[in-house]
Amino acid sequence: MSRVPGGYVPLTECFEIMTVDFNNLQELKSLATKRPDKIRVPFIKEGTLDAIVVWFVLQLDEEHSLSTSPSEETCWEQAVYPVQNLADYWIKPGDHVMMDVSCQDCYLRIQNISVLGLEHKMDVVKSFSKTEESSSAGNEAELCSALANLQTSKPGSVEQVCVLESTEIALLNNIPYHEGFKMAIRKVLASLTPEKLLQAMDTQSEEMNSTGGQNDRSVQSAPDPYYVLDVSEGFSILPIIAGTLGQVKPYSSVEKDQHRLTLDLISEVNHFPKETLEFWLRHVEDESAMLQRPKSDKLWIIIILDVIEPSGLIQQEIMEKAAISRCLLQSGGKIFPQYVVMLGLLVESQVLVEESAVQGKERTLGVNVAPFINQFQVPIRVFLDLSSLPCIPLSKPVELLRLDLMTPYLNTSSREVKVHICKSGKVTAIPFWYHMYLDDDIRLDTSSETSHWKQAAVVLEKPIQVEMGEELVLNVQHHKSNVSITVMQ
């Protein structure tokens, strides 16, 4: 489920998918076994078909109804069914989309999506469903089909499926993320290559001396590889990227068998030696002790930690992991990211206020529930998209916190931050995000529109009236990966 983002272009008029009468028990029972309905809808605009958006109209009686449409101001979100394999077909007005719709197992399924071109009448021009003749194990686009759990593939088709979360798909599409890590890993390797070559030359010289200078009998031993460990949460291709940069032995910490299978398939498709990539959990007896030496006499050159959750919060126990990782690095080794800067600003946002606490008896038709329910409100809202959040900025972004993973002892658990007010208004929330520094030059911004991360915000219990030119002092505390922000008055 997701709220339909702005900027989308409707290609059809709204159309009815199905009607369910909850007063008809027999109809409800038959839904699970009912054959799919075939729906045909004309296109009214040109473009590419990326997704089918579904919402509901709840008919309370003949006069009253509730809609979960994206055009309504509602607490509901919409269901988005992505459509693959039609991105290269340009749809024109007069073309039709056809689909099979069913409600088997109490899940709404949209399958066998196809486009009928106007000039071909009933001929299928492009089809989203995969047939046995067209499916191929070597098709890169099918290696990570995130649509399996959305039931948009053809029933009965046999294929190797990897189910990914939407945040993992967004991560795979994050070009700056992968480019940043590739550059940072390459810089670390480049800084150590001369040292490695010097060690290899010393080894060769010792071997020549031990054999009396007989060059033809000396064996030039290959230098040891650099060990790289990726401890990212969920699916990650960073170990494969690291393995393409030279004499690297990358380890992945993915836990799910289907993720491991997919990484093996991706390695094969990209001609990456399958035996090069190792799965670290196969070498660790206790998963709770994941951070340890690659071998008894070896250390890591790079350890990649997942510092920020997709929700916009700091990962739990991240500083403890950083402290252990620091002891497992060889000379010149790095933790990625090396340090993280938390940024925030003051905003006025009625939306955040209304979604964080019950606003008086008027909203609940006189029933007094606010005093009880609001005791359990969560002060931090997560999974926010600041680029589309209705709000008025009252200050410029300021640095709230800095976490150094390479030198954790430099971190402070509490600090005060002065914020200059640039616009008069009511401060209702403090959204925050992060700049993750892989090194001093390579930075990842979790608030970027291309980022797979979302943002979070502290919602104040009571709004604070401020005037332009004033200053507010924030107290920022960090304890065991939890951050609290309070306004000092």
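Numbering (full-length UniProt numbering), first residue to last: 1 to 489. All C-beta atoms in this analysis are idealised placements derived from N, C-alpha and C, irrespective of residue type, glycine included. In this text, all values refer to a predicted model and were calculated from it rather than measured experimentally.
Between I335 and L305, the C-beta spacing is below 8 Å. In this structure, DSSP gives A429 an extended state, which the three-state scheme calls strand.
With distances taken between CA atoms, T428 lies nearest to I392 out of P70, I113, I392 and R40. Fewer than three Cβ pairs drawn from the segment 69 to 89 and the segment 20 to 30 lie within less than 8 Å of each other, which leaves the two stretches out of contact. Rounded to the nearest angstrom, the gap between the Cα atoms of R40 and S114 is 10 Å. Looking at the backbone, the Cα of L343 and that of S414 are separated by about 15 Å. When DSSP states are grouped into helix, strand and coil, K256 belongs to the coil group. Shown here for Y251: same chain residues with a beta carbon closer than 6 Å to its own, the five before and five after excluded, namely L229, E278 and W280 in chain order. Boundaries of the beta strand (DSSP E) around M342: Y339 to G344.
Of the candidates E399, T446 and L410, E399 places its Cα closest to the Cα of V419. Shortest Cα-Cα distance from Y227 to any of L313, F235, G332 and L164 involves G332. Take the alpha-carbon of P70 and the one of Q78: they are about 7 Å apart. Counting the other CB atoms within 10 Å of its CB gives Y8 a total below 16, which places it among the exposed residues.
By DSSP's assignment, K334 forms a beta bridge with I302.
Taking 8 Å as the upper bound for CB-CB distance, V231 and S311 are not in contact here, some 18 Å apart. L444 is bridged by DSSP to M436. Between I430 and I485, the gap from beta carbon to beta carbon is short of 8 Å.
The Cβ atoms of L299 and Q330 sit closer than 8 Å to each other.
With the rule of 3 Cβ pairs closer than 8 Å, the segment 92 to 103 counts as touching the segment 40 to 55. When beta bridges are read from the DSSP output, K182 appears opposite no residue. Shown here, N368 sits in coil according to DSSP, grouped into three states, outside any helix or strand. A Cβ-Cβ contact shorter than 8 Å links R443 with H435. In the structure shown, the three-state DSSP call for L86 is coil. In chain order, K426, V427 and T428 place their CB closer than 7 Å to the CB of P463, counting only its own chain and leaving out the 5 sequence neighbours on each side.
If the five residues before and after H478 are omitted, its C-beta is found closer than 7 Å to the C-beta atoms of L401 and S413, all from its own chain and listed in chain order. Judged by DSSP secondary structure, A170 falls outside any beta strand (DSSP E) and instead within the alpha helix (DSSP H) spanning S166 to L172. By the 16-neighbour rule on beta-carbons within 10 angstroms, Y177 is buried. If you draw a straight line from the Cα of L345 to the Cα of L313, it comes to about 16 Å.
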